[in-house]
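Q:
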Amino acid sequence: MTQSQTQTKPQAAGADGLTRLSDAQLAARVAQDIPDGSYVNLGIGKPTHVAGYVPEGREVIYHSENGIIGVGPTPPEGEEDLELIDASKRYVTAAPGAAYFDHPDSFAMMRGGHIDIAVLGAYQVAESGDIANWATLDEKFPPAVGGAMDLVAGVKTILVMMRHVNKDGSPKLLERCTYPLTGLGVVSRVYTDLAVLDVTPEGFRLVELTPGNDLEAVQALTGAKILT
Amino acid sequence: MDKRVGDLATAVAPITDGASIMIGGFGSSGIPFGLIDALLEQGASGLTVISNNAGAGETGIAKLLKAGRVARVVCSYPRSPGSIWFEKRYEAGEIDLEVVPQGTLAERIRAAGAGIGGFLTPTGYGTRLAEGKETREIEGRGYVMEMPLAADFALVRAEAGDRWGNLSFHATARNFNPVMAMAADHAIAEVRQVATGALDPESVVTPGIFVDCVVEYGARP
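Going line by line, the protein sequences match chains A and B.
One point on numbering: in our numbering, the residue at position 220 of the first sequence is 220, and numbering is uninterrupted.
One point on numbering: in our numbering, the residue at position 126 of the second sequence is 126, and numbering is uninterrupted.
#1: First and last residue of the beta strand (DSSP E) that includes Phe204 of chain A?
#2: Give the DSSP-derived three-state secondary structure of Met161 of chain A in the structure shown.
#3: When burial is assigned at 16 or more other CB atoms within 10 Å of the CB, is Arg29 of chain A buried or exposed?
#4: Name the DSSP beta bridge partners of Tyr100 of chain A, please?
#5: What would DSSP say about Gln3 of chain A, mapped onto helix, strand or coil?
#6: Among B:Gly124, B:Ala71, B:Thr16 and B:Ile31, which has the Cα closest to the Cα of Leu105 of chain B?
#7: Using a Cβ-Cβ cutoff of 8 Å, what residues of the stretch 11-40 of chain B are near chain A? List them in chain order.
#8: Where does Gln32 of chain A sit, in a helix, a strand or coil, going by DSSP?
#9: In chain B, which residues lie less than 8 Å from Ile158 of chain A when you measure between Cβ atoms?
#10: Using three-state DSSP, classify Thr121 of chain B as helix, strand or coil.
#11: With distances taken Cα to Cα, identify the nearest neighbour of Thr182 of chain A among B:Glu139, B:Val179, B:Val100 and B:Met145.
#12: Quick check: the stretch 71-82 of chain A against the stretch 92-108 of chain A, are there 3 or more CB pairs under 8 Å?
#13: Between A:Thr222, A:Ile226, A:Met162 and A:Leu221, which lies nearest to Val207 of chain A when the distance is taken from Cα to Cα?
#14: In the structure shown, what three-state DSSP assignment does Arg141 of chain B receive?
#15: Just checking, does the stretch 108-128 of chain A make contact with the stretch 44-61 of chain A on the three C-beta pairs under 8 Å criterion?
#16: Quick check: Glu127 of chain A and Glu175 of chain A, are their CB atoms within less than 8 Å of each other?
#17: Suppose only complete runs of 4+ residues qualify. What are the alpha helix (DSSP H) ranges in the stretch 142-200 of chain B, listed by chain order?
#18: Does the stretch 101-114 of chain A come into contact with the stretch 55-75 of chain A, if we say contact requires no fewer than three beta-carbon pairs (one atom in each stretch) closer than 8 Å?
#19: Do Glu159 of chain B and Pro32 of chain B have their C-beta atoms within less than 8 Å of each other?
#20: Kindly indicate which residue of A:Ser22, A:Ala15 and A:Arg58 has the alpha-carbon position closest to the one of Ile34 of chain A.
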């Protein structure tokens, strides 16, 4: 059984009066929008949890950039194959119907428009659909891009799941990104703990608020206009 | 024709100071750990390492970095949990780093192996990683010109090999290994098992024409 039925109830309102989804609830919310029969790439980190919440009855095929399509569940302890991992470097299994391939083929799937959906985390998303998720402005850290730029360049639909604001309260949804860009005009929809927003030619458009929140309070935490 | 050699030291003997070396693997999977250890013993330095990652912990590429053998790294993702030796060398300004998007890295290597003089990719268009590169608009979409990436040597890891250099792979250990074998002047394959006869042609992933040397190293990470 999936966990989506039990964990979608939002947490109680915080001190600021806003209701926030937990990471698990956010993953479950994104999973509702993954259609049956999709080929999906889940970004490293929190997006990998989406797979656990896809509603029963849907067959979704997961691609991992390191050379497997048809990623199956984590193997039981002691049964790991040390050479069967996903892009997050976790041990995985091959689901029925899986295939292995090398890097040029893997990135042909991504860049060539064969993958339907990618779910990614982000530092910032702009109202134009620009995304920044590979480098900050802190020059102390060596840059590391991985497959992020290839994914956003080629996958048909880019979904972003992230917190609505940074730890210091500053907005992550902006008119323009201030961090180095991963791709321009590529994001379709953003899922945050506070709301779901579509990226449209006019800017961010509200799809839904996490139940209990009002638009004015969410707009106050957003660095770009939310259209309704 | 017999491309087999008896031990790892013989396999890496041709590598010289200042060589450029492609090293297969992604995360902990498909890394030629035996060849890297042999290269460390052999002592070549001032190396350019082309690989997806820049090692983690005290194993693989991290050992070469720790020993100060690496002058330059070309990779997509140098910073991963436990990549302490890369970070130390980078912070000390001791290595030159070129970060390349992963798919562009694979395709640049493939281009070198396939005789392609460069290609246009949408990856990275409009970003910092396209700065200074030629760009072109095709049917309303922006593309970046990327150049082939070749190397003097490739160190690859495969599941099985035969005396003709044919290779087969296991699970996700394939990753960059086949394409790196194509793009290097001298490709050295560490295989878990050398076949007594020939590999089944239907199971060959990397045809032996791309491989110069095969050595058995049975251990898995």
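Each residue gets a CB set at the ideal place from its N, CA and C atoms; glycine is no exception.
A: According to the structure data:
#1: If you number the first sequence from 1, residue 204 of chain A lands on position 204. Note, Phe204 of chain A: beta strand (DSSP E), Gly203 to Leu209.
#2: Within the first sequence, residue 161 of chain A is the residue found at index 161, counting from 1. Strand at Met161 of chain A.
#3: Against the first sequence, residue 29 of chain A aligns to sequence position 29. Result: buried.
#4: For this step, residue 100 of chain A is matched to residue 100 along the first sequence. Residue pairing by DSSP puts Tyr100 of chain A in a beta bridge opposite A:Ile68.
#5: Here residue 3 of chain A corresponds to residue number 3 of the first sequence, with the count starting at 1. Unreliable positioning characterises Gln3 of chain A in this predicted model, as indicated by a pLDDT of 46, which lies under 50. The coordinate reading is nonetheless provided below. If DSSP states are grouped into helix, strand and coil, Gln3 of chain A belongs with coil.
#6: As a first step, residue 105 of chain B must be located in the second sequence, where it is residue number 105. Minimum Cα distance to Leu105 of chain B is reached at B:Gly124.
#7: Against chain A - using a Cβ distance shorter than 8 Å - the residues of the stretch 11-40 of chain B are Phe26, Gly27, Ser28, Ser29 and Gly30.
#8: Along the first sequence, one-based indexing puts residue 32 of chain A at 32. Collapsing the DSSP output to three states places Gln32 of chain A in coil.
#9: By 1-based counting over the first sequence, the position of residue 158 of chain A is 158. Proximity of chain B to Ile158 of chain A at the Cβ level (cut-off 8 Å) is not reached, the minimal Cβ distance being about 13 Å.
#10: Within the second sequence, numbered from 1, the residue matching residue 121 of chain B stands at position 121. Under the three-state reduction of DSSP output, Thr121 of chain B falls in the strand class.
#11: Within the first sequence, numbered from 1, the residue matching residue 182 of chain A stands at position 182. Nearest neighbour of Thr182 of chain A by Cα position, chosen from B:Glu139, B:Val179, B:Val100 and B:Met145, turns out to be B:Val100.
#12: Yes: the two stretches touch, three or more of their Cβ pairs being nearer than 8 Å.
#13: Along the first sequence, one-based indexing puts residue 207 of chain A at 207. It is A:Ile226 whose Cα lies nearest to the Cα of Val207 of chain A.
#14: As a first step, residue 141 of chain B is located in the second sequence; it is residue number 141 there, counting from the start. In this structure, Arg141 of chain B counts as strand in the three-state DSSP scheme.
#15: Short answer: they touch.
#16: Locating residue 127 of chain A in the first sequence gives position 127, where the first residue counts as 1. Locating residue 175 of chain A in the first sequence gives position 175, where the first residue counts as 1. Cβ atoms of Glu127 of chain A and Glu175 of chain A: closer than 8 Å.
#17: Fully enclosed alpha helix (DSSP H) runs of 4 or longer: 177-183.
#18: Note that the stretch 101-114 of chain A touches the stretch 55-75 of chain A; at least 3 beta-carbon pairs, one per stretch, sit closer than 8 Å.
#19: As a position in the second sequence, residue 159 of chain B is number 159, starting the count at 1. As a position in the second sequence, residue 32 of chain B is number 32, starting the count at 1. No. Outside cutoff.
#20: Taking the first residue of the first sequence as 1, we reach residue 34 of chain A at position 34. With distances taken between Cα atoms, Ile34 of chain A lies closest to A:Arg58.
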